[in-house]
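The structure appears right after this line, and notes come after that.
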Amino acid sequence: EDQVTQSPEALRLQEGESSSLNCSYTVSGLRGLFWYRQDPGKGPEFLFTLYSAGEEKEKERLKATLTKKESFLHITAPKPEDSATYLCAVQDLDSSYKLIFGSGTRLLVRP
Amino acid sequence: DAGVIQSPRHEVTEMGQEVTLRCKPISGHDYLFWYRQTMMRGLELLIYFNNNVPIDDSGMPEDRFSAKMPNASFSTLKIQPSEPRDSAVYFCASSPQGYEGKAFFGQGTRLTVV
Numbered sequence: 001e002d003q004v005t006q007s008p009e010a011l012r013l014q015e016g017e018s019s020s021l022n023c024s025y026t027v028s029g030l031r032g033l034f035w036y037r038q039d040p041g042k043g044p045e046f047l048f049t050l051y052s053a054g055e056e057k058e059k060e061r062l063k064a065t066l067t068k069k070e071s072f073l074h075i076t077a078p079k080p081e082d083s084a085t086y087l088c089a090v091q092d093l094d095s096s097y098k099l100i101f102g103s104g105t106r107l108l109v110r111p
Numbered sequence: 112d113a114g115v116i117q118s119p120r121h122e123v124t125e126m127g128q129e130v131t132l133r134c135k136p137i138s139g140h141d142y143l144f145w146y147r148q149t150m151m152r153g154l155e156l157l158i159y160f161n162n163n164v165p166i167d168d169s170g171m172p173e174d175r176f177s178a179k180m181p182n183a184s185f186s187t188l189k190i191q192p193s194e195p196r197d198s199a200v201y202f203c204a205s206s207p208q209g210y211e212g213k214a215f216f217g218q219g220t221r222l223t224v225v
């Protein structure tokens with residue numbers, strides 16, 4: 001059964017304090033791994049797609065990496081506006097195009 | 112484009128009543144997804160359509176739930192009869208052909224069944 005586990009559940013950082021979020025996954029065959037950002041009261045917003053181990057993607061202060069078992073979302077010198085819930089999701093090659101989401105990491109960046 | 116549009120934004124109904132949630136996907140997108148989000152279970156896929164045809168409805172919890180997509184610009188998710196455990200935020204999302212993992216989500220409908 002496909003599974004996605006995110007850690008930590010919540011993370012508090014000071015502005016400028018870099019850190020990483022973890023996403024561990026189990027799938028029979030990975031079609032893709034996706035990172036989304038969700039602000040309170042809004043729908044998730046797409047950030048990155050990763051397809052194969054060793055792949056990296058960057059956007060502003062965010063960098064996503066992928067191994068065969070997990071993905072990391074690195075946040076460099078975060079700002080308060082980076083505060084949100086970050087969701088990881090996977091697509092299994094055997095499961096059509098459904099996304100299996102993790103429970104998310106709630107990030108709070110204090111000024 | 113205005114993005115994925117869902118209505119209503121909030122719905123409060125009594126147990127046993129019928130509830131209909133509506134979604135207008137982004138024009139030109141071939142895939143439409145209905146998700147449900149709760150604190151306990153997170154974000155779960157209920158059903159998705161490709162070119163208006165339901166492809167995977169394995170996430171629909173019970174026969175009380177039904178979804179339709181009569182045309183490329185409109186979809187509904189209906190719950191009849193509603194129960195308190197159906198209380199959640201329901202999201203509609205769409206994506207273009209070839210980018211199925213990159214979904215564009217609507218603002219969601221917060222459903223409360225009392």
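Those protein sequence lines, which keep their order, are chains A and B. Taken in order, the first sequence gives residues 1 to 111; the numbers are from this note's numbering. Taken in order, the second sequence gives residues 112 to 225; the numbers are from this note's numbering. Glycine residues also receive a C-beta, built at the ideal position from the N, C-alpha and C atoms.
Residue-chain proximity (residue i, chain B), Cβ-Cβ < 9 Å
i	result
R110(A)	no
F101(A)	yes
G16(A)	no
T49(A)	yes
G32(A)	yes
A89(A)	yes
Inter-residue Cα distance where the pair is residue i and residue j
i	j	result
P119(B)	T220(B)	6 Å
T76(A)	G114(B)	30 Å
K59(A)	E129(B)	43 Å
K98(A)	E173(B)	19 Å
F46(A)	Q38(A)	9 Å
Y25(A)	Q3(A)	6 Å
S198(B)	T85(A)	21 Å
Chain A contact for residue i (CB, 9 Å cutoff)
i	result
I166(B)	yes
F176(B)	no
Reference residue i; option with closest CA among the options
i	options	result
L66(A)	L50(A), F101(A), E17(A) and C88(A)	L50(A)
K53(A)	F46(A), K63(A), Q38(A) and S71(A)	Sequence check: residue 53(A) is Ala here, not Lys. When each option's Cα is compared against that of A53(A), the closest is S71(A).
I116(B)	L73(A), E15(A), V4(A) and G43(A)	G43(A)
K69(A)	L30(A), V109(A), S18(A) and E56(A)	L30(A)
A204(B)	E125(B), C134(B), E122(B) and N163(B)	C134(B)
G209(B)	E194(B), G139(B), N182(B) and F176(B)	G139(B)
D94(A)	Q14(A), V27(A), L33(A) and G16(A)	V27(A)
V109(A)	C88(A), F101(A), Q91(A) and P80(A)	P80(A)
Backbone secondary structure at residue i - three-state DSSP
i	result
M125(B)	Note on identity: in this sequence residue 125(B) is Glu, with Met being the wrong assignment. In the structure shown, E125(B) sits in coil (DSSP, three-state: anything other than H, G, I, E or B).
P181(B)	strand
E81(A)	helix
R152(B)	coil
R196(B)	helix
S51(A)	Reading off the sequence, residue 51(A) comes out as Tyr, not Ser. Here Y51(A) sits in coil by DSSP.
S7(A)	strand
Check whether residue i and residue j have beta carbons under 9 Å apart
i	j	result
A178(B)	P165(B)	yes
Q218(B)	G41(A)	yes
V200(B)	T124(B)	no
P136(B)	S169(B)	no
T150(B)	P195(B)	Here residue 150(B) is Met; the residue named in the question, Thr, does not match the sequence. Not in contact: M150(B) and P195(B) (Cβ atoms no closer than 9 Å).
L188(B)	L132(B)	yes
beta-carbon residue i near the ligand ADP non-hydrogen atom, thresh 8 Å
i	result
Y25(A)	Annotation note on the ligand ADP: not contained in the displayed structure, which lists no ligands.
Cross-chain neighbours of residue i in chain D, by beta carbon under 7 Å
i	result
Y201(B)	The question asks about chain D, but that chain is absent: this structure's protein chains are A and B.
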